[in-house]
Ligand code: UDP
Ligand code: MG
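Numbering (the numbering used here), first residue to last: 583 to 902.
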């Protein structure tokens with residue numbers, strides 16, 4: 583039995599040596615065969631050379647280096663595509679997800695006969711108030727709108743077994759919201775609780791823009807309800823506007839002496855309907871943008887090279 587540990591890394595030179603050290607300690611402890619796949623997501627610092635160095639000393643450490651920075655989710659996808667294990671564990675490189683939880687996850691998977699063990703953050707004291715607040719509200723809205731139940735307070739730190747991996751690999755969509763998709767595939771999924779640590783060193787690699795994009799993908803790919811909201815809002819406004827027309831006509835014919843005023847109601851109507859139309863168009867735009875992305879069928883990521891794999895030469899089939 584093989585355990586694949588997948589670690590996306592983007593400019594993690596400050597932590598990577600410690601991460602490798604702690605992951606290896608854990609890998610030895612679990613007493614199962616293992617591979618640790620580092621996905622270098624187009625780092626511009628010494629990340630790749632630190633990984634290469636470890637690959638040279640230990641054949642069980644593998645590396646996938648992407649041709650540029652594609653983002654956290656595509657990097658994880660690349661890892662899942664290359665995992666040869668019976669189970670794969672996705673873990674951040676910055677040690678916020680403690681590697682020491684991995685043995686417990688594996689034990690849980692073996693004993694409780696489940697397919698996914700997802701790590702739920704019990705406390706996130708060490709994160710900024712802004713991040714906690716936005717994350718809390720975002721996941722609350724997402725889980726209310728979505729038909730799939732996406733666990734709250736859960737990142738991508740999780741164990742997935744071969745059944746889930748193989749199903750995941752068959753999913754054709756290019757922009758993957760991994761925590762949503764894994765929840766979507768179903769099977770038996772169990773939580774394990776942990777305390778989210780502070781980043782060991784370095785700074786977060788998620789800019790506000792990245793966070794917004796990630797949040798948008800989650801919402802647009804996992805719920806159609808905003809589209810329905812636009813329709814419902816449109817319907818509501820239509821009914822209100824009929825009422826308004828009736829009101830205007832009644833005022834005009836029955837109270838002609840008081841209908842000279844009306845400037846404010848016109849302005850209010852313009853603003854109101856303008857807003858509603860813009861909102862509806864914006865919402866549709868989000869979905870059209872996603873359809874556009876999917877139709878382009880561009881690969882999710884492009885690999886530059888692979889180290890310590892059986893076939894290291896990149897062929898056409900390597901690009902997803
Ligand atoms: N990461 C990545 N590509 C990116 C951004 C981040 O592979 O474009 C990796 C990063 O190296 C880390 C993980 O994804 O291992 C989570 O990133 P980070 O810790 O910066 O996010 P945060 O924990 O602050 O949400
Ligand atoms: Mg982090």
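Where a beta carbon is used, it is the ideal one built from N, C-alpha and C, also for glycine. Since the model is a prediction, treat every value here as computed from it, not as a measurement.
field: One or two residues paired with residue 670 in a DSSP bridge
entry: 586, 742
- prompt: How about residue 762 and residue 800: do their beta carbons lie closer than 7 Å?
  reply: Contact flag set, yes.
message: Count Cβ pairs between the region 775-794 and the region 743-754 that sit closer than 8 Å; are there 3 or more?
response: Contact fails between the region 775-794 and the region 743-754, because fewer than three Cβ pairs, one in each stretch, are under 8 Å apart.
message: What does the Cβ neighbour count give for residue 715, buried or exposed, with the cut at 16 atoms within 10 Å?
response: exposed
message: Let me check one thing: in DSSP terms, what residues is residue 702 bridge-paired to?
response: 736, 775
- prompt: From what residue to what residue does the alpha helix (DSSP H) around residue 617 run?
  reply: Per DSSP, residue 617 belongs to no alpha helix (DSSP H); it is in the beta strand (DSSP E), 615-622.
- request: Please specify which runs of the alpha helix (DSSP H), each continuous and at least 4 residues long, are wholly inside the region 800-865, giving them in chain order.
  value: 807-836
field: Anticipated Cβ contact below 8 Å, residue 587 with residue 618, distance rounded
entry: 5 Å
field: Residue from 877, 607, 745 whose Cα sits closest to the Cα of residue 680
entry: 607
- request: Please classify residue 871: is it buried, with 16 or more other beta-carbons within 10 angstroms of its beta-carbon, or exposed?
  value: exposed
message: Taking 7 Å as the limit, name every residue whose beta carbon sits nearer than that to some heavy atom of the ligand MG, in sequence order.
response: 674, 676, 678, 781, 786
message: Considering only heavy atoms of the ligand UDP, does any lie closer than 6 Å to the CB of residue 855?
response: no
query: Looking at C-beta atoms only, is the number of pairs between the region 823-839 and the region 675-690 that lie closer than 8 Å three or more?
result: Between the region 823-839 and the region 675-690, the count of Cβ pairs shorter than 8 Å is below three; the stretches do not touch.
Whether residue 814 touches residue 637 by CB criterion (7 Å): no
query: If you drop the 5 nearest sequence neighbours on each side, which residues of the same chain put their C-beta closer than 6 Å to that of residue 696?
result: 770, 772
- prompt: Which same chain residues, not among the five before or five after residue 730, have their C-beta less than 7 Å away from its C-beta?
  reply: The beta carbon of residue 730 is closer than 7 Å to those of 762, 765, 766, 804 in its chain, skipping five residues each way along the sequence.
query: Where does the unbroken alpha helix (DSSP H) through residue 598 begin, and where does it stop?
result: 598-612
- prompt: Does the Cβ of residue 603 have 16 or more other Cβ atoms within 10 Å, making it buried, or fewer, making it exposed?
  reply: exposed
field: Buried/exposed call for residue 701, threshold 16 Cβ in 10 Å
entry: buried
- request: Could you tell me whether the region 716-723 touches the region 626-641, using the rule of 3 or more Cβ pairs below 8 Å?
  value: no
- request: Locate the beta strand (DSSP E) running through residue 647, then write down its first and last residues.
  value: From DSSP, the beta strand (DSSP E) with residue 647 extends over 643-648.
query: Anyone know if the C-beta pair for residue 594 and residue 639 falls short of 7 Å?
result: Residue 594 places its beta carbon 7 Å or farther from that of residue 639.
- prompt: Going by alpha carbons, who is nearest to residue 744 out of 699, 756, 673, 735?
  reply: 699
- prompt: How many Å lie between residue 663 and residue 856 at the Cα?
  reply: 46 Å
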